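Since the structure comes first, as structure tokens, the remarks are kept for the end.
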Amino acid sequence: MEYIYAAMILHTTEQDINEENVTKILEAAGDDVDESRVKALIAALEDVDIEEAMETTAMAAAPAAAPAAEAAAEEEEEEEEEEEDEEQAAAAATAGLGALFG
Numbered sequence: 530m531e532y533i534y535a536a537m538i539l540h541t542t543e544q545d546i547n548e549e550n551v552t553k554i555l556e557a558a559g560d561d562v563d564e565s566r567v568k569a570l571i572a573a574l575e576d577v578d579i580e581e582a583m584e585t586t587a588m589a590a591a592p593a594a595a596p597a598a599e600a601a602a603e604e605e606e607e608e609e610e611e612e613e614d615e616e617q618a619a620a621a622a623t624a625g626l627g628a629l630f631g
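Taken in order, the sequence shown gives residues 530 to 631; the numbers are from the numbering used here.
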């Protein structure tokens, strides 16, 4: 995946997506560069409109993110309800103990 990210960085910064530049980015990130993977990436991207691919991916990811965000909100709400229930149970237990000594 880091090879694709390197290509996206080069595209975003309007630099040539070539073996040398991809290798420089990966080395700067501390990755052990596999030259054959770099060559395969460059060959695979030869006929790809990267801007269009990035837009398509972003549009496809947005609807997928909505259910995940909704599920996270529901989970947070459930956790808050559980905390409230625990606090109420603790208060009731404390009140019961107070009655024993009062």
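C-beta: ideal position from N, C-alpha, C; glycine also. As the structure is a prediction and not an experimental result, all values here were calculated from the model.
{"Asked": "E611 versus A601 - alpha carbon distance", "Found": "15 Å"}
{"Asked": "Supposed close pair A572, V551 - CB separation, criterion 8 Å", "Found": "The pair is not a contact, with the Cβ atoms about 12 Å apart (cut-off 8 Å)."}
{"Asked": "As assigned by DSSP and simplified to three states, the class of M662", "Found": "Shown here, the chain extends from 530 to 631; a query on residue 662 therefore has no answer."}
{"Asked": "Touching by the beta-carbon criterion (3+ pairs, under 8 Å), the segment 540 to 551 and the segment 569 to 584", "Found": "yes"}
{"Asked": "Extent of the continuous alpha helix (DSSP H) run through L555", "Found": "E548 to A557"}
{"Asked": "Rounded separation between E603 and D614 - CA only", "Found": "17 Å"}
{"Asked": "Neighbourhood of I533 by C-beta, 8 Å cutoff - its chain only, sequence neighbours within 5 removed", "Found": "L570"}
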